[in-house]
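Basically my numbering = 1-based index in the sequence shown + 48. Here a beta-carbon is modelled for each residue, glycine too, at the ideal position from N, C-alpha and C. Here the structure is laid out as structure tokens; the discussion comes afterwards.
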Amino acid sequence: MKYLVVSDIHGSLPRLEKVLSFFERNDYDMLLILGDILNYGPRNGIPEGIDAPGIAERLNAFAERIVAVRGNCDSEVDQMLLTFPIMSDYCILVADGTRVFLTHGHKYNEENLLPKGADILFYGHTHLMKLEMGSNGVLVCNTGSITFPKGGNPPTFATIDEDSFVRIRDIEGNILKEKHFTNPQGLVLDDARSLREKTSSNLDSVSDTLTPMSR
49 MKYLVVSDIH GSLPRLEKVL SFFERNDYDM LLILGDILNY GPRNGIPEGI
99 DAPGIAERLN AFAERIVAVR GNCDSEVDQM LLTFPIMSDY CILVADGTRV
149 FLTHGHKYNE ENLLPKGADI LFYGHTHLMK LEMGSNGVLV CNTGSITFPK
199 GGNPPTFATI DEDSFVRIRD IEGNILKEKH FTNPQGLVLD DARSLREKTS
249 SNLDSVSDTL TPMSR
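Listed below in structure tokens is the structure:
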């Protein structure tokens with residue numbers, strides 16, 4: 049299985065359409081969304097093609113294949129438009145002892161992980177893409193933003209591919225950075241619905257089991 053990870057959509061339907069086109073064209077299995085989905089927030093400009101209802105409609109069509117966490121611009125009203133849960137602060141995926149931490153980044157990030165830690169961290173929020181091994185041994189990936197990238201970066205998202213590489217890609221899907229992660233069999237989710245149901249803001253209640261990828 050393959051995963052596409054995106055953050056900070058901020059209401060831009062044209063940018064989301066490009067990501068979904070890549071997602072479908074390359075047969076990705078699951079879409080992991082790291083928050084700030086529908087709203088652009090008071091500190092950003094008005095995004096190209098802002099269309100919150102349109103984004104909700106497009107994402108709801110993939111609801112069974114989405115795991116999402118809450119960003120600082122997401123609200124209960126946004127949840128009313130979406131048919132998949134978005135209100136948890138983080139999600140932890142576990143496979144053969146490898147812990148993958150998904151969060152937006154405004155509460156938890158590479159400098160503020162939960163006590164039980166992670167092996168791979170995905171976050172957004174800063175709109176600055178990043179992919180490197182942290183000093184604490186955690187592989188850190190900030191996916192950047194597809195709508196409001198900063199630091200002179202292009203619009204970006206990330207993928208977890210079958211060859212056990214995490215990659216940051218531009219909006220067209222071109223690879224900008226890549227890092228190999230330590231689980232040689234990759235990460236495969238047993239049950240997307242179970243994962244969404246177990247996603248919680250309480251670490252002790254999260255036990256999301258993934259199985260090795262069959263070759």
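- In this structure, Ile-114 is the residue among Ala-166, Tyr-138, Ile-114, Glu-180 with its C-alpha nearest to the C-alpha of Asp-77.
- Here Ser-69 is exposed: its Cβ has fewer than 16 other Cβ atoms, across all protein chains shown, within 10 Å.
- Under the 8 Å Cβ criterion, the segment 133-144 does not count as touching the segment 96-106, having fewer than three qualifying pairs.
- Annotation: Ile-85 to Ile-57 spans about 5 Å, alpha carbon to alpha carbon.
- In chain order, Asp-137 place their CB closer than 7 Å to the CB of Lys-155, counting only its own chain and leaving out the 5 sequence neighbours on each side.
- Secondary structure of Leu-64 (DSSP, three-state): helix.
- Scanning its chain for C-beta atoms nearer than 6 Å, with the 5 sequence neighbours on each side dropped, one finds around Leu-64 the residues Ile-57, Ile-103, in chain order.
- Residue pairing of Tyr-138 in beta bridges, as defined by DSSP: Thr-151.
- If you keep only unbroken beta strand (DSSP E) runs of at least 3 residues inside the segment 78-113, you get 78-81.
- Cβ-Cβ distances below 6 Å link Ala-206 to Val-53, Cys-189, Thr-191, Ile-216 in the same chain, with the five nearest sequence neighbours on each side left out; the list follows chain order.
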